[in-house]
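**Student:** Residue numbers (the working numbering), protein chains in the order written: chain A, 26 to 261; chain B, 175 to 255.
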């Protein structure tokens, strides 16, 4: 399976994403933000970083890069798109995911391991995560507080679009386990069709035991399984 | 001609910066402060001879699409000579 990893000015986790994909035995290539084609991509990853210096708002400028038109068409046709950290912010700014990410509630940058509970295990991003298994994955962000208005939250809950929530080691959705003040402890969500997802934690930094956890693999492996079962190629 | 744009967080959105600044003001002895909201101010210089009405229309669109995020922010816009 071939992953396209986007690169914006000041993306800095693109190499981590390429490495994680290769460690899993798949292929990956970089797609520069000015390219208007994604190439032969079986899935797209929008990586973490500080695209455009987080100027104006995180992801606010990156969402207008030429490549994002191709990503939008790709997503409209059902292609798999995963946004990690700044990637999640870019997808929200682009309107490919609902809501927004704002400054962490305590105004601190949080760089730490968190526990994630999988709230919907039946999606292309979660299907390979064993039921009940908490994921240990690192976060590194200053603007990771997920916000959506009441109407949007109701829809997200009704549709089961919330994919991952911050929890404690027993799976409890406590305030203490929430590093940034995200509403409902939301760490990541999907769109209505479940082909686009975004999360603030870094599965790209949790795919090798050397880095302390391999739990991130479940997310990538879910995408692989979903793609292989799909059968129909999506034009890139 | 220039546009003056003020962007503020929506009331429903948590504003920890505002709260922190409010706490600091209170600690410094400024009494009677019941709220602080931290926003952004933009000044956009426009070419001389620009049609004012057209500029306002375009700027509102720019504010809605890009300069502010309607999910979390409100904006107000003023074009001055």
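All C-beta atoms, glycine included, are put in the ideal place defined by N, C-alpha and C. Quick caveat: nothing in here was measured; it's all calculated off a predicted structure.
Can at least three beta-carbon pairs, one atom from the stretch 216 to 225 of chain A and one from the stretch 108 to 123 of chain A, be found at a separation below 8 Å?
**Tutor:** With the cut-off at 8 Å, the stretch 216 to 225 of chain A and the stretch 108 to 123 of chain A touch.
**Student:** Where residue 261(A) and residue 185(A) are concerned, what is the direct C-alpha to C-alpha distance, given to the nearest angstrom?
**Tutor:** Looking up residue 261(A) in the first chain gives position 236. Looking up residue 185(A) in the first chain gives position 160. Its pLDDT being 49, under 50, residue 261(A) is placed unreliably in this model, and the coordinates cannot settle the point.
**Student:** With a cut-off of 9 Å, does the C-beta of residue 187(B) fall near any C-beta of chain C?
**Tutor:** Judged by its chain identifiers, the structure shown contains no chain C, and its protein chains are A and B.
**Student:** Take every Cβ of the stretch 185 to 203 of chain B, pair it with every Cβ of the stretch 165 to 177 of chain A, and state whether three or more of those distances are shorter than 8 Å.
**Tutor:** A contact exists between the stretch 185 to 203 of chain B and the stretch 165 to 177 of chain A.
**Student:** Spatial neighbours of residue 229(B) within its chain, please: CB distance less than 8 Å, with the 5 preceding and 5 following residues excluded, ordered by chain position.
**Tutor:** Along the second chain, read from residue 1 onward, the residue named residue 229(B) stands at position 55. So the list reads 175, 177, 220, 253, once near-sequence residues are dropped.
**Student:** Return the CA-CA distance between residue 217(B) and residue 193(B), expressed in angstroms with no decimal places.
**Tutor:** Your numbering for residue 217(B) matches position 43 in the second chain. Your numbering for residue 193(B) matches position 19 in the second chain. If I take the Cα positions, the gap works out to 26 Å.
**Student:** Measuring from the CB of residue 156(A), is there a heavy atom of the ligand ADP at a distance below 8 Å?
**Tutor:** Summarising the ligand content, the structure contains no ligands, and the ligand ADP is consequently not present.
**Student:** Quick one: what does DSSP say residue 231(A) is sitting in, helix, strand or coil?
**Tutor:** Along the first chain, one-based indexing puts residue 231(A) at 206. Correct three-state label for residue 231(A): coil.
**Student:** Does any residue of chain B have a CB that is nearer than 9 Å to the CB of residue 261(A)?
**Tutor:** Position 236 of the first chain, counting from 1, holds the residue named residue 261(A). At residue 261(A) the pLDDT is 49, less than 50, meaning the model places this residue with poor confidence and gives no usable figure here.
**Student:** DSSP three-state call for residue 179(A): helix, strand or coil?
**Tutor:** As a position in the first chain, residue 179(A) is number 154, starting the count at 1. Correct three-state label for residue 179(A): helix.
**Student:** Which residue spans inside the stretch 116 to 161 of chain A form an unbroken beta strand (DSSP E) run of at least 3?
**Tutor:** Segments of the beta strand (DSSP E) lying fully in the stretch 116 to 161 of chain A: 125 to 127, 135 to 143.
**Student:** Considering only residues of the same chain and omitting the five flanking positions on each side of residue 247(A), which have a CB-CB separation below 8 Å?
**Tutor:** Within the first chain, numbered from 1, the residue matching residue 247(A) stands at position 222. If we look at residue 247(A) and ignore the five residues flanking it on each side, its Cβ neighbours are 148, 149, 150, 151, 152, 153, 154.
**Student:** Bridge partners for residue 170(A) per DSSP, in chain order?
**Tutor:** One-based indexing of the first chain puts residue 170(A) at position 145. For residue 170(A), which the question treats as bridged, DSSP gives the partners 127(A).
**Student:** How is residue 225(B) classed by DSSP in three states: helix, strand or coil?
**Tutor:** On the second chain, residue 225(B) is found 51 positions in, with the first residue counted as 1. Residue 225(B) falls in the coil class under three-state DSSP.
**Student:** Got a sec: is the Cβ-Cβ distance from residue 79(A) to anything in chain B below 9 Å?
**Tutor:** The sequence position of residue 79(A) within the first chain is 54, counting from 1. So, not an interface residue.
**Student:** Taking Cβ positions, are residue 178(A) and residue 209(A) nearer each other than 9 Å?
**Tutor:** The residue labelled residue 178(A) in the question sits at position 153 within the first chain. The residue labelled residue 209(A) in the question sits at position 184 within the first chain. A contact, by the Cβ cut-off of 9 Å.
**Student:** Does the stretch 235 to 242 of chain B come close enough to the stretch 191 to 207 of chain B to have 3 or more Cβ pairs within less than 8 Å?
**Tutor:** In short, these stretches do not touch, since the Cβ pair count stays below three.
**Student:** Starting from the Cα of residue 240(A), find the closest Cα among 189(A), 134(A), 83(A), 207(A) and give me that residue.
**Tutor:** As a first step, residue 240(A) must be located in the first chain, where it is residue number 215. The residue with the shortest Cα to Cα distance from residue 240(A) is 189(A).
**Student:** Would a C-beta distance cut-off of 9 Å place residue 243(A) and residue 158(A) closer than the cut-off?
**Tutor:** Taking the first residue of the first chain as position 1, residue 243(A) is located at position 218. Taking the first residue of the first chain as position 1, residue 158(A) is located at position 133. In this structure, residue 158(A) lies closer than 9 Å to residue 243(A) by Cβ.
**Student:** Using the C-alpha atoms, what's the distance from residue 97(A) back to residue 121(A)?
**Tutor:** Taking the first residue of the first chain as position 1, residue 121(A) is located at position 96. Taking the first residue of the first chain as position 1, residue 97(A) is located at position 72. Taking the straight line from one Cα to the other gives about 7 Å.
**Student:** Taking the alpha carbon of residue 46(A) as the reference point, which residue from 139(A), 87(A), 70(A) has its own alpha carbon closest?
**Tutor:** In the first chain, counting from the first residue as 1, residue 46(A) sits at position 21. Minimum Cα distance to residue 46(A) is reached at 70(A).
**Student:** CA-CA distance, residue 113(A) and residue 253(A)?
**Tutor:** Here residue 113(A) refers to the residue found at position 88 when the first chain is read from its first residue. Here residue 253(A) refers to the residue found at position 228 when the first chain is read from its first residue. So the alpha carbons of these two residues sit roughly 24 Å apart.
**Student:** Output the boundary residues of the beta strand (DSSP E) element that contains residue 190(A).
**Tutor:** By 1-based counting over the first chain, the position of residue 190(A) is 165. First-last of the beta strand (DSSP E) with residue 190(A): 187 to 192.
**Student:** Just list the residues that DSSP pairs residue 242(A) with in beta bridges.
**Tutor:** On the first chain, position 217 is the one that residue 242(A) refers to. DSSP lists no partner for residue 242(A).
**Student:** Can the beta-carbon of residue 216(A) be found closer than 9 Å to that of residue 72(A)?
**Tutor:** Locating residue 216(A) in the first chain gives position 191, where the first residue counts as 1. Locating residue 72(A) in the first chain gives position 47, where the first residue counts as 1. No, these two residues do not count as a Cβ contact at 9 Å.
**Student:** Using a Cβ cut-off of 8 Å, pull out every chain B residue sitting near residue 131(A), in sequence order please.
**Tutor:** In the first chain, residue 131(A) corresponds to position 106, counting from 1. In chain order: 190.
**Student:** What would DSSP say about residue 26(A), mapped onto helix, strand or coil?
**Tutor:** Mapped onto the first chain, residue 26(A) falls at position 1. DSSP places residue 26(A) in coil when its eight states are reduced to three.
**Student:** Return no unless some Cβ of chain B is closer than 9 Å to the Cβ of residue 117(A).
**Tutor:** Sequence index remark: in the first chain, residue 117(A) carries index 92 (1-based). Yes, contact with chain B.
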